[in-house]
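Heads up, the thing below is written out as structure tokens.
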Ligand code: SF4
């Protein structure tokens, strides 16, 4: 998949403080009967945003939010646990998010997010607590420098991204292309084992 | 040579290109399982780039997630939940036909839930690398395979190259020492472990399960335990192959035959962790202390013994969960009313699971007002269960006996609970809305689920199992 290269992102945050937000919350299973990647932003966090009759929930943090102005999602610990559905990343990207910040993010979700231009940022407890306590804060994420910070003198902290995934995001390296370049080694491996 | 873990041995065999600072390892995949929900976009990505499936012979497809568990109508039409569900099934049929991939289709006697049929066919074998666009691929680790779930983009990578880019995970050994008490099984072990280490306790790790209590489990029990590894956040769970593994695989359709079998067995038995091999983390759990377990919250680590109360002080997250679950802190499980029971899923839908549930239900009736749905894991399980008359036990008790599929585990195919209902389920996830909008899920073993169906409240299965034991002897 191609997406805009990721360098510096500056945006307000949307905060979901709950821990263990699983991918069934991000996109309920009944919306998985799709055969494309598109249009899933409409159903992102559907049951959090809409009630039984499909009316917007006024109490939801998503209510009245302009997704383009909130491109950074800050969430409680163990974000993205559960099902491996990549639809969760597709839905968040389609909704407008470019980064997810938490103290820890589930493995498969992290891997899926990186492949879709959605940056998973794992920060230390102090930074996490700060961001949770300041919903709507203006935050800057500098991927090359590996630093996330609240603008206007707020807290900042380093974060790490697996180097290859970072190259893919910053330089637009395509992981499948990288694998396809190794075809000779793959063939040799298959021959040696046959 | 440095002592190696089971994980080290399997990993090393599959490294095509070593990992470097700026690039992950290229890891070869022996078996790629696919199903209708997470594959269409991967095939589309392949088509966009004009790529073929590299090894159709290492790819195996089944229909399970959005597949109906009710039979076709008189017109031969399957009762799909929606036109989209049907389109998804048809997309897989088309993609498999176009790429020469073996598909266990709707009328195939070997069709079933992807993690049930792999082992049943002998497609899952020790020492293999196995992936699937489904997080419970960890199930296959019960055979000493390195098996883990991947996303759809990676499904595309494996289709195109039979390889994945992977960083080596850390390793954790969970040792269940001591002996399990009667009436306590693999599901209880899994829930007890997750309650101990937390829903993210295994994050970043490949788990190996060891200890006497693990050795004493049947292969089916081992699959249940490895299945739930992902609920602790782990990449995968593994158990070293032994005589039980070998016995289980012998004669299976895709297991090696003749001399190849003898060689394979020798190799498989060499895969256990060497004495003195180091793990990044070690966890010890006393199996003798484990009692039948059930969950009370909306994360699988919110689990406690069914014969007691739920914790009195659940913390802030627990309170939010209690609001959704409508289970008061400190309430006893035996006071919690049950509306529905689901027996099935890749965690607990194999023959021994159905026997366990049937042992409780034999000669009894489901409590009035409680709906019970039993969905066997595969066509093979269904016919074996019917051959023993288990379906009659379920039907006589007032339960529904369905066709194989994921069914109410993920509630995509029309099988689901109604808003507000409390469902005791043998599946693996108690997330909000997992079994239908507003449905409250309590995870438990097949025996506990069956006992809860009889009492209409969450129940300790041990008295029922003891009685069944007495009658059998
Ligand atoms: S039974 Fe449930 S967990 Fe297992 S493969 Fe199906 S949907 Fe996934």
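Residue numbers (the UniProt record's numbering), protein chains in the order written: chain S, 1 to 194; chain P, 1 to 473. Glycine included, every Cβ here is placed at the ideal spot set by N, Cα and C. A quick note: this is a predicted structure, and the numbers were derived from the prediction, not measured.
query = Which of helix, strand or coil does DSSP assign to residue 175 of chain S?
reply = Taking the first chain and counting its residues from 1, the one referred to as residue 175 of chain S is at position 175. Three-state result, residue 175 of chain S: helix.
request  = Check whether the Cβ atoms of residue 219 of chain S and residue 69 of chain S sit closer than 7 Å, and answer yes or no.
outcome  = Summary: the structure shown does not reach residue 219 of chain S, with chain S confined to residues 1 through 194, and so no result is reported for it.
request  = Identify whether residue 67 of chain P lies in helix, strand or coil by the three-state DSSP scheme.
outcome  = The count along the second chain starts at 1 and reaches residue 67 of chain P at position 67. Coil at residue 67 of chain P, not helix or strand.
key: Bridge partner(s) assigned by DSSP for residue 149 of chain P   = Stepping through the second chain from its first residue, residue 149 of chain P is reached at position 149. Looking at the DSSP assignment, residue 149 of chain P forms a beta bridge with P:132.
key: For residue 193 of chain P and residue 142 of chain P, believed in contact at Cβ under 8 Å, the rounded distance   = The count along the second chain starts at 1 and reaches residue 142 of chain P at position 142. The count along the second chain starts at 1 and reaches residue 193 of chain P at position 193. 15 Å between Cβ atoms; not a contact.
inquiry  = At a threshold of 6 Å, does residue 113 of chain P count as lining ligand 1 (C-beta to nearest heavy atom)?
reply    = As a working note, residue 113 of chain P is residue 113 in the second chain. Because some heavy atom of ligand 1 lies under 6 Å away, the Cβ of residue 113 of chain P counts as near it: yes.
message = Using the three-state DSSP reduction, which class does residue 344 of chain P fall into: helix, strand or coil?
response = Within the second chain, the letter at position 344 stands for residue 344 of chain P. Correct three-state label for residue 344 of chain P: coil.
request  = Output, in chain order, the set of chain S residues within a Cβ distance shorter than 8 Å of residue 203 of chain P.
outcome  = Taking the second chain and counting its residues from 1, one reaches residue 203 of chain P at position 203. Neighbours of residue 203 of chain P on chain S, chain order: 78, 104, 106, 107.
ask   = Looking at C-beta atoms only, is the number of pairs between the stretch 131-146 of chain P and the stretch 111-120 of chain P that lie closer than 8 Å three or more?
value = These segments touch.
key: For residue 95 of chain S, the nearest candidate out of S:191, S:46, S:104 (CA to CA)   = Indexing the first chain from 1 puts residue 95 of chain S at position 95. Among S:191, S:46, S:104, the Cα nearest to that of residue 95 of chain S belongs to S:46.
request  = Compare the Cα-Cα distances from residue 169 of chain S to each of S:183, S:144, S:71, S:84 and report the closest residue.
outcome  = Stepping through the first chain from its first residue, residue 169 of chain S is reached at position 169. Selection S:183, S:144, S:71, S:84 evaluated against residue 169 of chain S yields S:144 as nearest (Cα-Cα).
request  = Could you pull out every residue in the same chain whose Cβ sits closer than 6 Å to the Cβ of residue 253 of chain P, ignoring the five residues on either side in sequence?
outcome  = Mapped onto the second chain, residue 253 of chain P falls at position 253. 121, 122, listed in sequence order.
message = Here's a check: name, in chain order, each residue in its chain whose Cβ is nearer than 8 Å to the Cβ of residue 6 of chain S, leaving out the five neighbours to either side.
response = What you label residue 6 of chain S is simply residue 6 of the first chain in a count that begins at 1. Close CB contacts of residue 6 of chain S within its chain, under the 8 Å cut and outside five residues either way in sequence, are with 98, 117, 119, 143, 169, 170 (chain order).
inquiry  = Can you tell me whether residue 132 of chain P sits near ligand 1, meaning its C-beta is under 6 Å from at least one heavy atom of the ligand?
reply    = Residue 132 of chain P sits at position 132 when you count from the first residue of the second chain. No, ligand 1 has no heavy atom inside 6 Å of this Cβ.
key: Beta-carbon proximity of residue 310 of chain P to residue 327 of chain P, cut-off 7 Å   = Position 310 of the second chain, counted from the start, is the residue given in the question as residue 310 of chain P. Position 327 of the second chain, counted from the start, is the residue given in the question as residue 327 of chain P. Between residue 310 of chain P and residue 327 of chain P, the C-beta gap is smaller than 7 Å, which places the two residues in contact.
query = What residues in its chain sit with their C-beta under 8 Å from that of residue 419 of chain P, if we drop five residues either side in the sequence?
reply = Translated into positions along the second chain, residue 419 of chain P becomes position 419. Counting only Cβ-Cβ distances below 8 Å, and skipping sequence neighbours, we find 436, 437, 438, 439.
ask   = At what residues does the beta strand (DSSP E) containing residue 11 of chain S begin and finish?
value = The count along the first chain starts at 1 and reaches residue 11 of chain S at position 11. From DSSP, the beta strand (DSSP E) with residue 11 of chain S extends over 8-16.
message = Let me make sure I understand the geometry here. Which of S:151, S:160, S:25 has the alpha-carbon closest to that of residue 103 of chain S?
response = Position 103 of the first chain, counted from the start, is the residue given in the question as residue 103 of chain S. Ranking S:151, S:160, S:25 by Cα distance to residue 103 of chain S puts S:160 first.
Runs of beta strand (DSSP E) wholly within the stretch 25-91 of chain P (minimum 3 residues, chain order) = Those beta strand (DSSP E) runs which fall completely within the stretch 25-91 of chain P and span 3+ residues are 25-28, 31-34, 59-62.
ask   = residue 84 of chain S: beta carbon under 6 Å from a heavy atom of ligand 1?
value = As a working note, residue 84 of chain S is residue 84 in the first chain. Distances taken from the Cβ of residue 84 of chain S to the heavy atoms of ligand 1 include none shorter than 6 Å.
query = Which residues in the same chain have their Cβ closer than 7 Å to the Cβ of residue 441 of chain P, if we skip the five residues on either side of it in sequence?
reply = Residue mapping note: residue 441 of chain P aligns to position 441 of the second chain, counting from 1. So the list reads 423, 425, 430, 434, 435, once near-sequence residues are dropped.
inquiry  = Counting only Cβ pairs nearer than 8 Å, list the residues of chain S close to residue 233 of chain P.
reply    = In the second chain, counting from the first residue as 1, residue 233 of chain P sits at position 233. The answer, in chain order, is 78, 81, 106, 107.
request  = Just the C-alpha distance for residue 40 of chain P and residue 84 of chain S, rounded to the nearest angstrom, thanks.
outcome  = Counting from 1 along the second chain, the entry for residue 40 of chain P is found at position 40. Counting from 1 along the first chain, the entry for residue 84 of chain S is found at position 84. Taking the Cα positions, residue 40 of chain P is about 15 Å away from residue 84 of chain S.
query = What does residue 166 of chain P pair with, by DSSP beta-bridge criteria?
reply = The residue you call residue 166 of chain P lines up with position 166 of the second chain. For residue 166 of chain P, which the question treats as bridged, DSSP gives the partners P:25.
inquiry  = Could you compute how far the alpha carbon of residue 1 of chain S sits from the alpha carbon of residue 135 of chain S?
reply    = Along the first chain, one-based indexing puts residue 1 of chain S at 1. Along the first chain, one-based indexing puts residue 135 of chain S at 135. Below a pLDDT of 50, predicted positions are generally treated as unreliable, and residue 1 of chain S, at 48, falls in that range; the measurement from the model is reported next regardless. Roughly 31 Å separates the two Cα atoms.
task = Give me the Cα-Cα distance between residue 512 of chain P and residue 86 of chain P, rounded to the nearest whole angstrom.
result = Past the edges of chain P, shown from 1 to 473, lies residue 512 of chain P, and the structure says nothing about it.
task = Within the same chain, show all residues whose beta-carbon is closer than 7 Å to that of residue 221 of chain P, passing over the 5 residues directly before and after it, in chain order.
result = The residue labelled residue 221 of chain P in the question sits at position 221 within the second chain. In its chain, beyond the 5 residues on either side, 185, 186 have a beta carbon closer than 7 Å to the beta carbon of residue 221 of chain P.
query = What does residue 134 of chain P reach in chain S if we use C-beta pairs closer than 7 Å?
reply = What you label residue 134 of chain P is simply residue 134 of the second chain in a count that begins at 1. Within 7 Å Cβ-Cβ: 84.
task = Mark residue 146 of chain P as exposed unless 16 or more other C-beta atoms lie within 10 angstroms of its C-beta, in which case mark it buried.
result = As a position in the second chain, residue 146 of chain P is number 146, starting the count at 1. Residue 146 of chain P should be labelled buried.
query = Which bits of chain P does residue 171 of chain S rub up against, with CB to CB less than 8 Å?
reply = For this step, residue 171 of chain S is matched to residue 171 along the first chain. What residue 171 of chain S touches in chain P, judged by beta-carbon distance under 8 Å, is nothing: the nearest beta carbon there is about 11 Å away.
inquiry  = Please confirm whether residue 189 of chain S has its beta-carbon closer than 7 Å to some beta-carbon of chain P.
reply    = Counting from 1 along the first chain, the entry for residue 189 of chain S is found at position 189. It does: the Cβ of residue 189 of chain S has a partner Cβ on chain P nearer than 7 Å.
request  = Throw me the rounded Cβ distance for the residue 155 of chain S and residue 140 of chain S pair, which I believe falls under 8 Å.
outcome  = In the first chain, counting from the first residue as 1, residue 155 of chain S sits at position 155. In the first chain, counting from the first residue as 1, residue 140 of chain S sits at position 140. Wrong, their Cβ atoms sit about 12 Å apart, outside the cutoff.
Pair within 7 Å by beta-carbon distance, residue 355 of chain P and residue 454 of chain P = Numbered from its first residue, the second chain carries residue 355 of chain P at position 355. Numbered from its first residue, the second chain carries residue 454 of chain P at position 454. Not closer than 7 Å, so no.
Where residue 254 of chain P sits in the DSSP three-state scheme = Sequence index remark: in the second chain, residue 254 of chain P carries index 254 (1-based). Residue 254 of chain P: coil per DSSP, three-state reduction.
inquiry  = Please identify the residue among P:163, P:175, P:181, P:209 whose C-alpha is closest to the C-alpha of residue 187 of chain S.
reply    = Position 187 of the first chain, counted from the start, is the residue given in the question as residue 187 of chain S. Looking at P:163, P:175, P:181, P:209, the one whose alpha-carbon comes closest to that of residue 187 of chain S is P:163.
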